[in-house]
Amino acid sequence: MNRTFETIRAITLDVRTYGENHLWVTLFSEKKGVVRCTAYGAATSANELARALIPMTYGIYFIRKSAAYSERDQSQQVYEIKQAQILKGHQDVAADPARSLYALTMCDWVRATEGAEGVASVGELFRELEAALRLLSTQSAAGVLCHFGFRMVRVLGIDLQGTACLRCSESGEWVYSFREAGYLCTGCAAREPFGTTLSVRHTSVMRKMVHTPLWRINAIHLRDTTANILLRALFTILVEQAGISSKPLRVLTQMREIFDES
Numbered sequence: 001m002n003r004t005f006e007t008i009r010a011i012t013l014d015v016r017t018y019g020e021n022h023l024w025v026t027l028f029s030e031k032k033g034v035v036r037c038t039a040y041g042a043a044t045s046a047n048e049l050a051r052a053l054i055p056m057t058y059g060i061y062f063i064r065k066s067a068a069y070s071e072r073d074q075s076q077q078v079y080e081i082k083q084a085q086i087l088k089g090h091q092d093v094a095a096d097p098a099r100s101l102y103a104l105t106m107c108d109w110v111r112a113t114e115g116a117e118g119v120a121s122v123g124e125l126f127r128e129l130e131a132a133l134r135l136l137s138t139q140s141a142a143g144v145l146c147h148f149g150f151r152m153v154r155v156l157g158i159d160l161q162g163t164a165c166l167r168c169s170e171s172g173e174w175v176y177s178f179r180e181a182g183y184l185c186t187g188c189a190a191r192e193p194f195g196t197t198l199s200v201r202h203t204s205v206m207r208k209m210v211h212t213p214l215w216r217i218n219a220i221h222l223r224d225t226t227a228n229i230l231l232r233a234l235f236t237i238l239v240e241q242a243g244i245s246s247k248p249l250r251v252l253t254q255m256r257e258i259f260d261e262s
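The sequence shown begins at 1 in the UniProt record's numbering and counts up by one.
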């Protein structure tokens, strides 16, 4: 087995301690996608490697295939991290409990795409996550999460573009239907139960997010009310069509429900 070290650019998605001194790390690389790694001895307070192994950190990582895990399970590809260099730490986001929860939700969504057949471009999703973390420190956290989520849905291969009404095949003004998981013309949508479709305006905003890469923009202009409506739509699409849910998302949803009721 070739165990030479290779260099990858990646974002740390998740870090967990195992044993007394070691870390189990999930990276997201622009070339390899989700990469599972061990960092031996990195859990000790004096270990400098641990500073680069914090969720949301973007850096350069020196990794090689782990002989120990390869011998145990040939189907599980695990790497060993030897060194790391921080390119962007996002400490400002990490220091804000609310914004860090939004960031961890995005990281958890990406982690859930491991092995997904519909992932069209790992590099594209990597650029979207990198841009989202950059924007999160200065822009609306809900707006960034919303935009990133719809871009991720696109990369996963879920069709949110639409070319005609799912009922009558007419083109023109559409609204997104939760029951149909697609678009209906305004005529067909008028017969739908209240609350099962987005408005024409909200559908238009959603479609713009689907088509606009985050790494091409410097600001997100989205009203809180619009963000709330689109986030509910996004969460439904991720859970029902992509099968993606997460603990940070559940906590975030509960937080937003409490905030909306207050």
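By construction, the Cβ of each residue, glycine as well, lies at the ideal position given by its N, Cα and C atoms.
- In the three-state reduction of the DSSP assignment, Gly123 falls in the helix class, which pools H, G and I.
- The bridge partners DSSP lists for Cys185 are Trp174.
- Annotation: Ile158 to Ser204 spans about 17 Å, alpha carbon to alpha carbon.
- Under the three-state reduction of DSSP, Lys32 is assigned to coil, being neither helix nor strand.
- Judged by pairs of C-beta atoms under 8 Å, the region 185-194 does not touch the region 121-134, as fewer than three such pairs exist.
- With 16 or more other Cβ atoms from the protein chains shown falling within 10 Å of its own Cβ, Val15 counts as buried.
- By the CB criterion at 8 Å, Val155 and Glu114 fall outside the cutoff.
- The straight-line gap separating the alpha-carbon atoms of Lys65 and Ser29 is approximately 15 Å.
- A contact between stretches requires three or more CB pairs, one per stretch, nearer than 8 Å, and the region 98-111 fails this requirement with the region 38-48.
- Between Ala103 and Met56, the beta carbon gap of about 5 Å places them in contact (Cβ cut-off 8 Å).
- The C-beta of His147 has 16 or more other C-beta atoms within 10 Å across all chains shown, which makes the residue buried.
- Cα atoms of Cys107 and Cys168: separation of roughly 39 Å, rounded to the nearest angstrom.
- Note on geometry: alpha-carbon atoms of Val144 and Leu249 lie some 14 Å from one another.
- Three or more Cβ pairs closer than 8 Å define a contact, and the region 197-215 meets that threshold against the region 230-240.
- Unbroken alpha helix (DSSP H) runs of no fewer than 4 residues, entirely contained in the region 134-169, are found at 141-155, following chain order.
- Residue burial annotation: Ile217 is exposed, with fewer than 16 other C-beta atoms found within 10 angstroms of its C-beta.
- For Asp224, there is no enclosing beta strand (DSSP E); the residue is part of the alpha helix (DSSP H) that begins and ends at Asp224 to Glu240.
- When the beta-carbon positions are compared, Lys31 and Val122 come within less than 8 Å of each other.
- With contacts defined by Cβ atoms closer than 8 Å, Leu238 and Gly149 form a contacting pair.
- If you look at Arg111, you'll find it in the alpha helix (DSSP H) that goes Pro97 to Arg111.
- In the DSSP assignment, Val78 forms a beta bridge with Arg36.
- In the structure shown, the three-state DSSP call for Ala42 is coil.
- In the three-state scheme derived from DSSP, where H, G and I count as helix and E and B as strand, Ala190 is classed as coil.
- For Arg51, the closest C-alpha among the options Ala164, Asp224, Leu87 and Glu80 is that of Leu87.
- In the three-state reduction of the DSSP assignment, Thr212 falls in the coil class, being assigned neither a helical nor a strand state.
- For Phe235, the closest of Ala189, Phe178, Val34 and Cys37 by C-alpha to C-alpha distance is Phe178.
- Cβ contact annotation for Gly162 (same chain, cutoff 7 Å, sequence separation greater than five): Trp174, Gly182 and Tyr183, in chain order.
- A straight-line Cα-Cα distance of about 42 Å links Ser137 and Glu170.
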